[in-house]
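Count along the sequence shown from 1, add 559, and you get the number used in the working numbering. Beta carbons: idealized from backbone N, C-alpha and C, even for Gly. If you're wondering where the values come from, they're calculated on a predicted model, not measured in any experiment. Report on the structure given below.
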Amino acid sequence: MVQDEFDLDFFRDNNFLRKQCIVCSSFFWTQNPGKKTCGDPACEGYSFIGNSPVDRKYSLDGMRQEFLSFFKEDKLPHTIIEKYPVVPRWRDDVLLVNASIYDFQPQVTSGLVPPPGNPLAMSQPSIRMLDLDLVGKTGRHLTSFEMLCHDAFNYENKYIYWKNETIEYSYRFLTEKLHVDGTEITYKEKPWFGGGNAGNAVEVFVRGLEVATLVFMDMKEDPDGEIDIEGTKYSMMPLKIVDTGYGLERLVWLSTGTPTVYESILGKTIEYIRKNSSAGDMDPEIMQKLSELSAEIDPYSESKLLKQVAPWLKEKHIYIDDEFLSRLKSVRSLYSLADHTKTLLLMFADYVIPSNVKVGYLARTLIRRSLKFMDDISFSQDFMDLMDFQHEIFSRIVSNYDRDFIKNIIDIEKEKYAEINKSAEGKVRKYIHSGKLELKDAITLYDSEGMNEDLISESFKKITGKDLELPDNFQEIVISRHETRHTKKKEMPQFPPVHTRPLYYDNTKISEFTGIVLYSGEKCIIPNQTAFYPEGGGQPCDLGYFIANGKKVNVVDVQKYNDSIVHFLDNNIPANSRVKGYIDYTRRKQLMIHHSATHLLLGIMRKYFGEHVWQSGVKKDIKESRIDITHYRKITLEDIRHIEDMCMEAIEQDRKITVSNVSWNPAIEKYGFRLFEGGVPVSSKIRVVTIDGIDSEGCGGTHLDSTAPIGFIKIMKVETLQEGIQRITFSAGPAAMRYVQLVYDTVQMEQEYLKVDTEDVYRQSLEIFHENLENRKLIDKYRKEKIEGILNSREPVHENIYVYATNLDRYEFNLLIQGIFRKNIKAIIINSETELTAIGIDAGVDTLISGLSTRNIGIKEKSRNRKLYTAICNPGINEKLIKEILVSINV
């Protein structure tokens, strides 16, 4: 980073000096002429614990209010923005909000959408799970925190503020509001990049504690860019963004100077847990020393920490023995439990359902770790008691507390956790080879089997008698596989930048139109306008045909690429041709019915099951459609009846379906983040489809004008797609009628065959099924007895080898092979005179084949391994011949 990047008026006017750290060589700015280190704790340690530079102690609410009011009341008033959810529904590349800038990526940061305020300030709850290993240990790490920010978006024609003003704001807040001595503040230069952007930045330290990062984002990833940052090319962007992040919890800790951040922000919760558990206490002086040393160890190492603290403890006649480590573990469990349950509050407020994938995995991890910590410290209260207590404390940032939903989730997870503990030893045993458990297998046990690292270690020791060594960052290794959403970028075909006007939005009933071909390729065209709907939003494209130059050319596919709508054809149409398009309107209307029915069904299921229902996936088609929803229980027949009845009621009410194009920020303000259930539009406006009183969401598809034309909805099938995701397959309108007719015809045929009334078809069919089942059981019993008789009817003919000549069907033949393996005997089977099978005589197979060959018996090998050999032989092989060969070659 070159010096003039931060050669600012503010630094010059306030006697700041640019210096180089004697430890890490980083450059920093300070008002203290004698300062030699950059402020980073790895270079100079903490000096604020027990010695706060802030003139009074703040609570979380008090510090949040202090920060926001400072910027709201500034001479350049900042718009105060309400917090966004921690689950970023407006993005498809991340699972959780990690920082306040996530709220504005990529729409605002790309310049596509204006910010909701400029400048703005807010306090954004954020969750970061990669440091899970360190929570409770270092004294400073948390899984969730609030990021305070004041951001400005500078456009080419509208300047707000940049580096000079931003740094001045941070200095003024710390000195004027918190009354920190300016000589205690250090600004460390550090380039920043991430999320496709980059820029220069400074980290702000006070007595070794990082309290803020000020990022000046002015670059974007560009393969043709001229700026290289660690192998990635960047170019300057016209929009220059001030992206600041102040740690609310860090600022509160700075003001209280407690031994760890946990007492500072989770003090009431810690006391509640301690009162209702066996968790002990640790001398605050020891916890302070551990926090200070942990800050200087980068990367963190438990062994290094204990090694460095040991001499200091020894001076106080304290030794790191089993009793000390047990107390330390107890305190850390206490801290972690308080932290994790607060983070779960944030997740549950956004209706995260635990599962083994995506954000659900992260929630399940926190729940199971919490249950483990509760066991470790013998927490006497119920999980929900602790959640209720946490909500009372953090109700200002967690306004949505759906207790019934949370209790149902916790009860289900507790059952699963208990089952895992019971089966742990058997599962671990499967992965142990030669007395060792590889790291990859430990990760599998954690990731796929749901076992925490302590349970894996305890089970390993029971089985092998040895300690299992897992890396200090074991959790980080596992979590890193889940914390980021991996989305594959589709290869987009290259077409010229031709704009096609979409007529299907002007009039969804349009079935004919005229146009001019602006681009013609190999069996594809881009017209100036079209009524053909391109595939998108889970809705298939329209089909039909063009009349061009007197010839009919079928449309086989329609896709949208940027502003171009490309029509793929079964023949060529020249450029500049005048064409007339004809839509298959019967198909279009059925797709419209299914699309509107999807929105209706989603809204009704949310009303029926609860607000935790979100769309997870969708696919509309002609005969049937499907929608995947978040829901933690299987959907029953009773549920289906209620949902269908509620849909029918809404259809009979002929509720209005309206479409409106609303600017991004007003749309979010009015409709919330449910807008993005069907996907995230790349547009400054959101096309909102509303079914009056039932559902509003962003959608680019074609819809009916009201619910009455849906006719009715029939749910055809429900299934669990994965944990927490239910798939509902349904049909509506004419498609539903055809499905009902098919079912009716089937029942009628069954009725005629069974000679019973319609209402007795199921009962009679069930009786026949059970009769058949009983008959099959009897037949199976007979067949097993038959095979057992064959096995017991033979004596070994030579060297303990049994020979069986049989004429069995495939099922009985497999039973015979299973019986031979079960009895652990050597055998040769000739089945149906041509099928040769040898079991357990690997060393003698070649000599057996040789003996058959000398007798002109042709053999074609099918499979061979150490235990089993199979082959097809020419006719003529029999039991007597095999016995002769065995005796003659002395197998």
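Rounded separation between residue i and residue j - CA only
i: Ile1376; j: Lys1345; result: 13 Å
i: Ile824; j: Thr924; result: 23 Å
i: Ile1227; j: Leu1234; result: 7 Å
i: Pro1293; j: Asp934; result: 57 Å
i: Ser1243; j: Ile639; result: 22 Å
i: Ile1408; j: Asn1437; result: 14 Å
i: Val656; j: Leu798; result: 22 Å
i: Ala550; j: Leu810; result: Because the chain spans 560 through 1450 in this model, residue 550 falls outside it and cannot be assessed.
i: Leu1374; j: Glu1326; result: 29 Å
i: Asn1359; j: Lys1426; result: 16 Å
i: Glu564; j: Asn759; result: 8 Å
i: Gly621; j: Thr772; result: 21 Å
Cβ shell of residue i (< 7 Å), same chain only, five flanking positions each side left out
i: Ser860; result: Asp1031
i: Lys779; result: Gly755, Asn756, Tyr793, Ser794 and Met796
i: Ile1245; result: Val1221, Trp1223, Ala1226, Leu1234 and Gly1257
Contact under 7 Å by Cβ, residue i with residue j
i: Asn1087; j: Ile1075; result: yes
i: Ala922; j: Ser889; result: no
i: His1190; j: Gln1285; result: yes
i: Thr1261; j: Tyr1092; result: yes
i: Ile1085; j: Thr1059; result: yes
i: Gln590; j: Thr742; result: yes
i: Ser659; j: Met688; result: no
i: Ile1384; j: Ala1397; result: no
i: Asn1433; j: Ile1444; result: no
i: Gly1162; j: Ile1253; result: yes
i: Val739; j: Val770; result: no
i: Val1115; j: Asp1129; result: yes
i: Tyr752; j: Ile800; result: Reading off the sequence, residue 752 comes out as Phe, not Tyr. Contact flag unset, no.
i: His1154; j: Lys1179; result: yes
i: Ile1287; j: Ile1186; result: yes
Limits of the unbroken alpha helix (DSSP H) element including residue i
i: Lys1021; result: Glu1012 to Thr1023
i: Arg1200; result: Leu1196 to Glu1211
i: Val1057; result: Looking at the DSSP string, Val1057 is not in any alpha helix (DSSP H), and its letter there is neither H nor E.
i: Ile1388; result: Careful: Ile1388 lies outside any alpha helix (DSSP H), inside the beta strand (DSSP E) at Lys1385 to Asn1390.
i: Ala1156; result: Tyr1144 to Phe1168
Check: residue i C-beta below 6 Å from any heavy atom of the ligand PLP
i: Ala757; result: This structure simply doesn't include the ligand PLP, nor any ligand for that matter.
Proximal residues to residue i (C-beta, below 8 Å), its chain only, five neighbours per side dropped
i: Val987; result: Leu996, Leu1004, Met1010, Ile1015, Ser1018, Phe1019 and Ile1022
i: His637; result: Phe630, Lys631, Gly676, Pro678, Leu679, Ala680 and His709
i: Arg1423; result: Val1404 and Thr1429
i: Leu1027; result: Leu996, Ala1001, Ile1015, Ser1016, Phe1019 and Lys1020
i: Ile1272; result: Ala1156, Leu1159, Leu1160, Glu1203, Cys1206, Met1207, Ile1210, Phe1289, Ser1290, Ala1291 and Ala1295
Burial state of residue i, where buried means 16 or more other Cβ atoms lie within 10 Å
i: Ile581; result: exposed
i: Val646; result: buried
i: Asp1339; result: exposed
i: Asp566; result: exposed
i: Val1450; result: Note that Val1450 scores 49 on pLDDT, short of 50, meaning its location in the model is unreliable; the coordinates nonetheless yield the value given after this. Under this definition Val1450 is a buried residue.
i: Glu808; result: buried
i: Gln949; result: buried
i: Pro674; result: buried
i: Ile1400; result: buried
i: Met776; result: buried
i: Ala983; result: buried
i: Met1164; result: buried
i: Glu1183; result: buried
i: Lys1215; result: exposed
i: Leu701; result: buried
Test: residue i CB closer than 7 Å to a CB of chain B
i: Phe948; result: In the displayed structure, chain B is absent; only one protein chain is listed.
Own chain partners of residue i with C-beta closer than 6 Å, once the 5 adjacent residues on each side are dropped
i: Phe575; result: Trp588 and Gln590
i: Thr817; result: Ser823
i: Thr1365; result: Asn1390
i: Leu945; result: Thr900
i: Gly994; result: Thr1023
i: Leu1313; result: Gln1323
i: Ile1106; result: Lys1139
Where the beta strand (DSSP E) containing residue i begins and where it ends
i: His709; result: Ser703 to Asn713
i: Met688; result: Note, Met688: premise wrong, no beta strand (DSSP E); not H, not E.
i: Phe586; result: Phe586 to Thr589
i: Glu1477; result: The structure shown does not extend to residue 1477, since the chain is modelled only from 560 to 1450, so the question has no answer here.
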